[in-house]
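Take the sequence shown: its letter number 213 is residue 213 in full-length UniProt numbering, and every next letter is one higher.
Okay, so here's the structure we're looking at.
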Amino acid sequence: MAKAGTRLAGKANAILEVFTHNVAQFGYDGTNLSDIANELSISKGTIVHHYGTKDRLLAALHTSYMRRRLTEAKLLIGKLDHPEQQLAGLLFAFILYQEHDRDATIAFQREVMRLAALDIDTEGLELRAEYIQLVRDVIEAGIAAGRLRKTDLRIQSLLMFGSAQWAYTWFDPSGDESVEEVGAALVDLVLGSLLVRRTALPGLSDPRGLAAQTARQCLLETSAESDSGLAAS
């Protein structure tokens, strides 16, 4: 029975992985279940058995993506002492996602409006709201500690997410700028306007600094835990 359950879980994971890759490459409308079935040498009915509909596959993509991002964000915040460090680490992570977990990031970002409009009770929407609130809480803590200027939390956080949201349309992993350099530019842009004392900015935006390296470490740790969990399932 355990082996049968493992096979079923493995097949469901494989379906979601191929679906994610295809959405990243072709968009939701350009992705169909028949192509996924052919690629995995399974029947279309097997996909329907595991996920029901294409919309539910998209909801599963959303949920799994946001679970990983929340796990990483909470781990990162726990490793860094001060709100401005935590915010810098989160901003680096926003851009590191363009290289780390790239297919899922592109699929999520290009279909984010469709995800929000899905007529499905999806855990992913709640997780996304929790993630946004987590970032706002970090900013609020920085303001309360006198390290960040008072600002409109909603607008400031939307500007941050908006900057990162469209990075998939122009960031090239094999281009002239590394993902760390682009992350540093985002940290410089955001914290340059928020820090009460800008003398800390060079250290916070340093691609080899504590915030950047902690962000990278958290992504790798979470990825390793996820991989070991899949191997054990």
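A virtual CB, placed ideally from N, CA and C, is assigned to each residue, including glycine.
Report the residue from the options whose alpha carbon sits nearest the alpha carbon of residue i.
i	options	result
Phe26	Leu189, Ile106 and Arg216	Ile106
Leu40	Ile15, Leu191 and Thr31	Ile15
Arg197	Gly78, Gly142, Lys79 and Ile42	Gly142
Thr151	Leu75, Gly162, Glu126 and Arg136	Arg136
Ala144	His49, Ala200, Arg216 and His82	His82
Thr122	Thr63, His100 and Leu189	Thr63
Leu195	Glu84, His50 and Leu76	Glu84
Asp188	Pro173, Asp176, Ser174 and Asp206	Asp206
Ala212	Leu148, Glu111 and Ser178	Ser178
Asn22	Lys54, Glu130, Thr199 and Glu221	Lys54
Lys74	Val138, Leu153 and Ile155	Val138
Give every residue of the same chain whose Cβ lies closer than 7 Å to the Cβ of residue i, excluding the five residues on either side of it in the sequence, and list them in chain order.
i	result
Gly209	Gly203
Lys44	Leu33, Ser34 and Ala37
Ala60	Leu16 and Tyr51
Thr20	Leu61, Asp103, Ala104 and Ala107
Tyr28	Leu58, Glu111 and Arg114
Thr71	Thr222
Ala4	Residue placement at Ala4 is poorly supported in this model, since its pLDDT is 45, which falls under 50; the coordinates still yield a value, given next. Within the same chain, Ala4 has no close Cβ partners at all.
residue 234	In the structure as shown, the chain begins at 1 and stops at 233. Residue 234 is therefore absent and cannot be evaluated.
Ser163	Leu186
Among residues of its own chain, excluding the 5 on either side of residue i, which ones have a beta-carbon nearer than 8 Å to its beta-carbon?
i	result
Arg67	Leu127
Ile47	Ile15, Leu33, Ile36, Ala37 and Leu57
Pro173	Gln98, Glu99, Arg102 and Val179
Leu76	Gln86, Gly89, Leu90, Ala93, Thr214, Ala215 and Cys218
According to DSSP, which residues form a beta bridge with residue i?
i	result
Leu148	Leu195
Near residue i, what residues of its chain come up, given a Cβ to Cβ distance below 6 Å and the 5 sequence neighbours on each side ignored?
i	result
Ala224	none
ask   = Should the stretch 67 to 86 be called in touch with the stretch 166 to 179, which here means at least 3 C-beta pairs below 8 Å?
value = Contact check between the stretch 67 to 86 and the stretch 166 to 179: fewer than three CB pairs, one atom from each, fall below 8 Å, which does not count as touching.
task = Count the CB pairs spanning the stretch 117 to 126 and the stretch 82 to 96 that are closer than 8 Å, and state whether there are at least three.
result = Segments in contact, no.
ask   = Of all the alpha helix (DSSP H) runs that stay within the bounds of the stretch 188 to 220, which reach a length of 4 or more residues?
value = Whole alpha helix (DSSP H) segments, 4+ residues: 201 to 204.
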